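Written out below as structure tokens is the structure these notes cover.
Protein chains in written order, with the working numbering: chain Y, 22 to 210; chain A, 2 to 181.
Structure follows, in structure tokens:
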């Protein structure tokens, strides 16, 4: 590595005729900002230093030419692949307008899956509550559970329905009988 | 009070329409270069505009602040998209087989991209994700180091350092391909 540096110094000395070590350091610094110089990112003073250095130094000039050529090719590629007057499609414009004018509808549309799931859960819960209160379905005692097809076959279905009705009536809470207490006649005394 | 609010909303909508027509083209072009698909780029830009209208509280007037904001949102969404695709290990396969190659606009039969330009595009693909994004912002979008810093969240000196190395890498690739 040292040998290579020495060679660089000698080569640079022959090119510039200045202080070799200082000049090499300067080359490294200059090459580090070459792209910034070409992109006009450097201030006036720094640009002047870089310009002056490139004018004198063949190595840095070659490096600059290489970066310039790369940039030119990239620009050429950009011209081919660019989308110069790309516009949003009508559908997307409509979607933007909807988001601007009807944010709630737009939100529901965007999150339609989550909204559907939540709504389905709510409907299910409400239905369960209603069913529980109304007692639309009440399981029969275990011994009475007979397959429905057998009930039809044996003709026992009406009888079972009647039995169930009687059982429900029996289980109904008994209303406390209101006994009319007739106050004893005062006149008996 | 209600009239004032209505007037303000009308002003915002007018400003917003102006911003959409002003920035849609450069943003779609930028996003297309990152995600390699104009269709997905349009989705990304559409979302960026909607987010702008919802989140931007100052006046909606085209300017450097809004430009940087829009580029940052577009950049982040495009990068997220590319990362998701990479994570599924499908990006390269899809680019190679399923998805058609990104096709530029029709510029007539006489227009052809030279071999050098194709080699430059290939050299650009050899860079890592961040280097590619910075080169696109600098070379194609012609953003300054400061603007690139605002968009990507890097410091200006960091942007300069990464770009310098990216250009050197590309120059080496092109030299080896004997294009230069």
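Ideal Cβ placement from N, Cα and C applies to all residues, glycine included.
All values reported here derive from a predicted model rather than from experimental measurement.
- Within the same chain, and ignoring the five residues on either side of residue 191(Y) in sequence, no residue has its Cβ closer than 7 Å to its Cβ.
- With its beta carbon at least 9 Å from every one in chain A, residue 64(Y) lies outside the interface.
- Contacts with chain Y at 9 Å (Cβ-Cβ) do not include residue 74(A).
- Contact between the region 67 to 86 of chain A and the region 52 to 72 of chain Y is absent: fewer than 3 CB-CB pairs across the two stretches fall below 8 Å.
- Across the structure, residue 84(Y) and residue 71(Y) are spaced so that their CA atoms are roughly 12 Å apart.
- 29, 30, 33, 39, 43, 46, 47 and 50: these are the residues of the region 28 to 50 of chain A whose beta carbon lies less than 7 Å from some beta carbon of chain Y, given in chain order.
- If you ignore the 5 residues before and after residue 57(Y), its C-beta comes within less than 6 Å of the C-beta of 63, all in its own chain and listed in chain order.
- The beta carbon of residue 14(A) falls within 9 Å of a beta carbon belonging to chain Y, placing the residue at that interface.
- Identification of residues in the region 87 to 100 of chain Y having a C-beta nearer than 9 Å to some C-beta of chain A yields 87, 88, 90, 91, 92, 93, 94, 95, 96, 97, 98, 99 and 100, given in sequence order.
- Residue ranges of uninterrupted alpha helix (DSSP H) with 4 or more members, entirely inside the region 41 to 111 of chain Y and ordered along the chain, are 41 to 53, 55 to 59, 65 to 77 and 79 to 102.
- Fewer than three Cβ pairs drawn from the region 122 to 139 of chain Y and the region 25 to 39 of chain A lie within less than 8 Å of each other, which leaves the two stretches out of contact.
- Within the same chain, 63, 67 and 71 come within 8 Å of residue 54(Y) by CB-CB distance, once the 5 residues on both sides are set aside.
- Spatial neighbours of residue 147(A) in its own chain (CB-CB distance under 7 Å, excluding positions within 5 residues in sequence) are listed in chain order as 157.
- For residue 53(Y), the chain A residues whose Cβ falls inside 7 Å of its Cβ are 165, in order along the chain.
- Looking at 150(A), 141(A) and 19(A), the one whose alpha-carbon comes closest to that of residue 63(A) is 19(A).
- Judged by beta-carbon spacing, residue 141(A) lies beyond the 9 Å limit of residue 71(A), meaning their Cβ atoms are not closer than that value.
- Not flagged as an interface residue toward chain A: residue 68(Y), since no C-beta distance is shorter than 9 Å.
- The Cβ atoms of residue 118(Y) and residue 168(A) do not sit closer than 9 Å to each other.
- The DSSP-derived three-state label of residue 178(A) is coil.
- Judged by DSSP secondary structure, residue 71(A) falls within the alpha helix (DSSP H) whose first and last residues are 65 to 88.
- Among the CB atoms of chain Y, one or more fall inside 9 Å of the CB of residue 145(A).
- Around the beta carbon of residue 112(Y), fewer than 16 other beta carbons lie within 10 angstroms, which makes this residue exposed.
- Look at residue 142(A) here: in three-state DSSP terms it is coil, with no helix or strand label.
- Between residue 152(A) and residue 78(A) a beta carbon distance of about 12 Å is seen, past the 8 Å cut, so the two are scored as non-contacting.
- Cβ proximity to chain A below 7 Å picks out 108, 109, 110, 113, 116, 117, 120 and 121 from the region 108 to 139 of chain Y.
- Interface annotation for the region 130 to 154 of chain A against chain Y: 136, 139, 140, 141, 145 and 146, criterion Cβ-Cβ distance under 8 Å.
- At least one C-beta of chain Y is nearer than 9 Å to the C-beta of residue 21(A).
- Here DSSP, grouped into helix, strand and coil, assigns residue 60(A) to coil.
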